[in-house]
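Engineer: Structure in structure tokens, see below.
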Amino acid sequence: MITLTRAALAYLALPVFLFLLFWLRWYVAIPAAALLAMSLKLSVHQRPSAAIPSPRLRARHVIFALLLALLPVLLSGIGGFGPQSVDAPKHNAVLLDLTDGAWPVTYPDAPLSYYIAWYLPAAALGKWLGWTAANVALMLWTLAGAALALLLFHRASGASLPVSAIFLFIWAGLRDFGGLLVHAWPFSQPNEARGWSQFWMAPGGLVDLHWLPQHMLPGWICAALVLHASRTSNLALAAATLALSLLWSPFVSIGLAPFVALQAWRQRLPWLAAAFALIPALYLAARMDRVPTGLIYHFIDWPNHWPAYVHLLFLEWGLLLLLALPLAGLLPRRWTLLSAALLALLPLYKAGLHNDLATNAARVPLAFLLIAVAARLSGSGEPLSNSRRAALALLVVLGSTDSLRWAYTSLDQYQTAPPPLSQVRRVPQQSALAQYNTQYLGDPNAFFFRFLAAPSVALTPKPIDIDYLSRRLTLSNSASGFGGVESLAGAPVRWAFGPEASLLFHEPAPSDVTVHLAFSSPIPSQTVTILQDGRQLRSYFTSASDTIDLSLPVGPSHIIFRTTSWNGNPASFSPSDARPIAILFSRLHLAAGSKP
19 MITLTRAALA YLALPVFLFL LFWLRWYVAI PAAALLAMSL KLSVHQRPSA AIPSPRLRAR
79 HVIFALLLAL LPVLLSGIGG FGPQSVDAPK HNAVLLDLTD GAWPVTYPDA PLSYYIAWYL
139 PAAALGKWLG WTAANVALML WTLAGAALAL LLFHRASGAS LPVSAIFLFI WAGLRDFGGL
199 LVHAWPFSQP NEARGWSQFW MAPGGLVDLH WLPQHMLPGW ICAALVLHAS RTSNLALAAA
259 TLALSLLWSP FVSIGLAPFV ALQAWRQRLP WLAAAFALIP ALYLAARMDR VPTGLIYHFI
319 DWPNHWPAYV HLLFLEWGLL LLLALPLAGL LPRRWTLLSA ALLALLPLYK AGLHNDLATN
379 AARVPLAFLL IAVAARLSGS GEPLSNSRRA ALALLVVLGS TDSLRWAYTS LDQYQTAPPP
439 LSQVRRVPQQ SALAQYNTQY LGDPNAFFFR FLAAPSVALT PKPIDIDYLS RRLTLSNSAS
499 GFGGVESLAG APVRWAFGPE ASLLFHEPAP SDVTVHLAFS SPIPSQTVTI LQDGRQLRSY
559 FTSASDTIDL SLPVGPSHII FRTTSWNGNP ASFSPSDARP IAILFSRLHL AAGSKP
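Right, dumping it as structure tokens:
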């Protein structure tokens, strides 16, 4: 019988089985896969609680959940459906290398070491059917996970599927009010409101699917499974879920661990799941980078900025929780207190370049609290007065404005095709800043790659093919001092700002490149000088249409466009535009060798 729990476990386990079978040496892969299979069998064959039945999945419920999840997924940018985020070059690079490369994926200098579960099923299909199929499969795989998360939330909270969808996909905290409080504007720029508190990016809302689907999906699915495990006294299910989560998102694993530990306090933790978890843990521990970690006061001026922390706690979840109290009986004993404590403590410790720990580990306790709030609104627990119910409903509506605004922006910039294959680069090439790339690369001398990983053929770097007038991002952190891509007479154009704009690179191997450019300036006396790493290449007056051959060295390099005049210096030629615009590119394309 296909139950919701079994379907969710199968969803989490499929990419993990692929990893075990294709990343490990055969004499390690077979027993590891068998160990995982036994752990999963134990977790689904325990007798369920009579109070918490596990009914068969109904087709009409599945279809309704898929329809509710369809719009958020189609707005997210996943697979090229909707505008893609500035994290998309990383996602595209990982998907491409998993599709192109032999498993385990290895580069000339280092192997891939990243939480890859979200990508693996789509990449496996892409090996047979190509890049476009891999992108469509990633969107459909995400849709299936989003529908499962929705059904799990519905089961855990008792709320209807539409109400569950609001909490799962739309509620994003009182971000607009946080922006007003901290920055003195009521509405954040689309896609940027999640950083309203300046130092933390709280989880929640449609933008989570846009930015962090590899964390959002396992966060919701694993949290709901662990809650179900506690309600049914199924410690094997909780342990298996925690073990599976490692390859999906180690940050989510950190958020889950205290709740599984609380459940296992007086029980014997199932050794099968614990033994299996060692393998993905060793794989992820082999990463080359050492991300910034430490107490938050080491990274910010805490005495002057602690109010931002208080605002974060109160507006992102605190007020919602206070209006919903008491939650007794809606969550297992002590879980409400533990959830609140984790949400309060996680922002005080930085791990990752962008406080990834606070953002992604917090998904688990936040999921538990939102499940309890949805249950309260649906009539569970102590009855709510009409005024409190109305206040809670109003708070949910106000916490949805950021997601609704993001949906409008996404529709306005909609696209329905994956990024051009020619312009998607390998993982070591996709960012111009080395500190980002090293997050995804492993140490070939680490224990996992020396003794457990199967031998593999290294992927070679891709030739450069970057169109800076494309609306699709193909390289992270690749340009500074430029405006966005605009349209002029139906053709794409892009302003470069004065006094200089630069293209940034961090190449793993020497590259011969041809720059194809065409620009003009509204300033008659304009002089444009092009430099590569401080060495002058060309100089132009007012306008140019040219090609420049150059070589990019290993490591960081810059191509700089330096201008003598710009809007506001020495005079404003466009007073209505506050930007320091200097030259307007109608072509800016880098290609390998002399290929146009």
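In our numbering, the protein residues as written are 19 to 614.
Yeah, the Cβ is synthetic: ideal placement off N, Cα and C, and Gly gets one too.
Just so we're clear, the structure is a prediction, and the values are computed from it rather than from any experiment.
1) When you compare the segment 381–397 with the segment 240–253, are there three or more beta-carbon pairs, one atom per stretch, that lie closer than 8 Å?
2) Quick check on tryptophan 660: buried or exposed, where buried means 16 or more other Cβ atoms within 10 Å of its Cβ?
3) Who pairs with tryptophan 584 in a beta bridge, going by DSSP?
4) Let me check understanding here. Comparing Cα to Cα, which of Asp530, Ile184 and Lys59 lies closest to alanine 167?
5) Run through the DSSP bridge pairs and tell me what aspartate 105 is partnered with.
6) Quick one, are the C-beta atoms of glycine 196 and leucine 416 less than 9 Å apart?
7) From Gln448, Ala25, Leu602 and Phe465, pick the residue whose C-alpha is nearest to that of valine 104; which is it?
8) Exposed or buried, isoleucine 541, counting other C-beta atoms within 10 Å across all chains shown (16 or more means buried)?
9) Secondary structure at glycine 97, three-state DSSP: helix, strand or coil?
10) State buried or exposed for tyrosine 315, treating a residue as buried only when at least 16 other CB atoms are found within 10 Å of its CB.
11) Could you have a look at serine 248 and say whether DSSP puts it in helix, strand or coil?
12) How would you label phenylalanine 317, buried or exposed, when you count the other beta carbons within 10 angstroms and need 16 or more for buried?
13) Considering only DSSP beta bridges, list what glutamate 518 is partnered with.
14) Could you name each continuous beta strand (DSSP E) segment of 3 residues or more that falls completely within the segment 455–528, going from the start of the chain to the end?
15) Skipping 5 residues on each side, what residues in its chain have a beta carbon closer than 6 Å to that of aspartate 654?
16) I think glycine 460 touches proline 33, with their Cβ atoms under 8 Å apart; what is that distance to the nearest whole Å?
17) Evaluate methionine 19 with the Cβ neighbour count: other Cβ atoms within 10 Å of its Cβ, from every protein chain shown; 16 or more gives buried, anything less gives exposed.
18) Please report the straight-line C-alpha distance between proline 350 and threonine 250, rounded to a whole angstrom.
19) Helix, strand or coil for leucine 395, going by three-state DSSP, please let me know.
20) Round the Cβ separation of glutamine 441 and glycine 100 to the nearest angstrom and send it over; I've been treating them as touching at under 8 Å.
21) Apart from the five residues just before and just after leucine 451, which ones in its own chain have a Cβ nearer than 7 Å to its Cβ?
22) Which runs of the beta strand (DSSP E) spanning at least 3 residues fall entirely within the segment 328–363, listed in chain order?
23) Relative to the C-alpha of glutamine 544, which candidate in Tyr137, Ser498, Ile599 and Val511 has its C-alpha closest?
24) My parser needs the alpha helix (DSSP H) runs of 4 or more residues fully inside the segment 103–173; what are they?
25) Rounding to the nearest angstrom, what Cα-Cα distance links serine 215 and tyrosine 301 in this structure?
26) Near alanine 12, what residues of its chain come up, given a Cβ to Cβ distance below 6 Å and the 5 sequence neighbours on each side ignored?
27) Output the residue ranges of the beta strand (DSSP E) runs that lie fully inside the segment 253–315 and measure 3 residues or longer, sorted by chain position.
28) Could you check what DSSP says for proline 33 in three-state terms: helix, strand or coil?
29) Please determine, among Leu170, Ala299, Thr150 and Phe217, the residue with the shortest C-alpha to C-alpha distance to leucine 235.
30) Do tyrosine 454 and proline 268 count as a contact pair if the criterion is CB distance below 9 Å?
31) Roughly how many angstroms lie between the CA atoms of serine 520 and leucine 602, to the nearest whole one?
32) Please state the DSSP three-state secondary structure of glycine 573.
33) From the DSSP output, in three-state form, read off alanine 177 for me.
34) I'd like the span of the beta strand (DSSP E) that includes serine 594, first residue to last.
35) My assumption, with CB atoms under 8 Å, is that valine 617 sits in contact with serine 421. Please give the rounded CB distance.
36) Taking the Cβ atom as the reference point for each residue, do leucine 371 and valine 309 lie within a distance shorter than 9 Å?
Structural biologist: So, to answer that:
1) Verdict: yes, contact present.
2) Here the chain covers residues 19 to 614 and nothing more, so residue 660 does not appear.
3) By 1-based counting over the sequence shown, the position of residue 584 is 566. For tryptophan 584, which the question treats as bridged, DSSP gives the partners Asn587.
4) As a working mapping, residue 167 is identified with position 149 in the sequence shown. Comparing Cα-Cα distances from alanine 167 to each of Asp530, Ile184 and Lys59, the minimum goes to Ile184.
5) Mapped onto the sequence shown, residue 105 falls at position 87. In DSSP, aspartate 105 forms no bridge with anything.
6) Translated into positions along the sequence shown, residue 196 becomes position 178. Translated into positions along the sequence shown, residue 416 becomes position 398. No, Cβ-Cβ distance for glycine 196 and leucine 416 is not below 9 Å.
7) Counting from 1 along the sequence shown, the entry for residue 104 is found at position 86. Nearest to valine 104 by C-alpha distance, out of Gln448, Ala25, Leu602 and Phe465, is Gln448.
8) For the purposes of this step, residue 541 is identified with residue 523 of the sequence shown, where counting begins at 1. Isoleucine 541 should be labelled buried.
9) Counting from one through the sequence shown, the residue named residue 97 turns up at place 79. Looking at glycine 97 - three-state DSSP - the assignment turns out to be helix.
10) The residue given as residue 315 occupies position 297 in the sequence shown. By the neighbour-count criterion, in which a residue is buried when 16 or more other Cβ atoms sit within 10 angstroms of its Cβ, tyrosine 315 is exposed.
11) What you label residue 248 is simply residue 230 of the sequence shown in a count that begins at 1. It is helical.
12) Residue numbering aside, residue 317 sits at position 299 when the sequence shown is read from its first letter. So phenylalanine 317 counts as exposed.
13) Against the sequence shown, residue 518 aligns to sequence position 500. For glutamate 518, which the question treats as bridged, DSSP gives the partners Arg580.
14) Complete beta strand (DSSP E) runs here, min 3: 483–485, 500–506, 509–515 and 518–525.
15) The structure shown does not extend to residue 654, since the chain spans only 19 to 614, so no value can be given for it.
16) Residue mapping note: residue 460 aligns to position 442 of the sequence shown, counting from 1. Residue mapping note: residue 33 aligns to position 15 of the sequence shown, counting from 1. About 18 Å; that fails the 8 Å criterion.
17) Locating residue 19 in the sequence shown gives position 1, counting from the first residue. Counting every other CB atom within 10 Å of its CB across the protein chains shown gives methionine 19 a total below 16, marking it as exposed.
18) Residue numbering aside, residue 350 sits at position 332 when the sequence shown is read from its first letter. Residue numbering aside, residue 250 sits at position 232 when the sequence shown is read from its first letter. Rounded to the nearest angstrom, the two C-alpha atoms are 11 Å apart.
19) Stepping through the sequence shown from its first residue, residue 395 is reached at position 377. Helix at leucine 395.
20) Position 423 of the sequence shown, counting from 1, holds the residue named residue 441. Position 82 of the sequence shown, counting from 1, holds the residue named residue 100. Glutamine 441 to glycine 100, Cβ: 18 Å. No contact.
21) Locating residue 451 in the sequence shown gives position 433, where the first residue counts as 1. Setting aside the 5 residues that flank it on each side, leucine 451 is surrounded in the same chain by Asn495 and His524, each with a C-beta closer than 7 Å to its C-beta; the list follows chain order.
22) Along the length of the segment 328–363, whole beta strand (DSSP E) runs at least 3 residues long do not occur.
23) Looking up residue 544 in the sequence shown gives position 526. Ranking Tyr137, Ser498, Ile599 and Val511 by Cα distance to glutamine 544 puts Ile599 first.
24) Within the segment 103–173, the complete alpha helix (DSSP H) segments at least 4 residues long are 106–118 and 138–147, listed from N- to C-terminus.
25) Mapped onto the sequence shown, residue 215 falls at position 197. Mapped onto the sequence shown, residue 301 falls at position 283. For serine 215 and tyrosine 301, the distance between alpha carbons rounds to 34 Å.
26) One cannot answer for residue 12 here, as it falls past the ends of the chain, which runs 19 to 614.
27) Complete beta strand (DSSP E) runs here, min 3: 311–313.
28) For the purposes of this step, residue 33 is taken as residue 15 along the sequence shown, with counting starting at 1. Of the three classes helix, strand and coil, the one that applies to proline 33 here is helix, per DSSP.
29) Translated into the one-based positions of the sequence shown, residue 235 becomes position 217. That would be Leu170, whose Cα lies nearest to the Cα of leucine 235.
30) Taking the first residue of the sequence shown as 1, we reach residue 268 at position 250. Taking the first residue of the sequence shown as 1, we reach residue 454 at position 436. For proline 268 and tyrosine 454, no; Cβs fall outside 9 Å.
31) Counting from one through the sequence shown, the residue named residue 520 turns up at place 502. Counting from one through the sequence shown, the residue named residue 602 turns up at place 584. When the Cα atoms are used, serine 520 and leucine 602 turn out to be separated by approximately 14 Å.
32) Numbered from 1 along the sequence shown, position 555 holds the residue referred to as residue 573. When secondary structure is reduced to three states using DSSP, glycine 573 falls in the strand class.
33) Numbered from its first residue, the sequence shown carries residue 177 at position 159. Coil at alanine 177, not helix or strand.
34) In the sequence shown, counting from the first residue as 1, residue 594 sits at position 576. From DSSP, serine 594 is part of no beta strand (DSSP E); its letter is neither H nor E.
35) Shown here, the chain extends from 19 to 614; a query on residue 617 therefore has no answer.
36) Within the sequence shown, residue 371 is the residue found at index 353, counting from 1. Within the sequence shown, residue 309 is the residue found at index 291, counting from 1. Judged by their CB atoms, leucine 371 and valine 309 are nearer to each other than the 9 Å cut-off.
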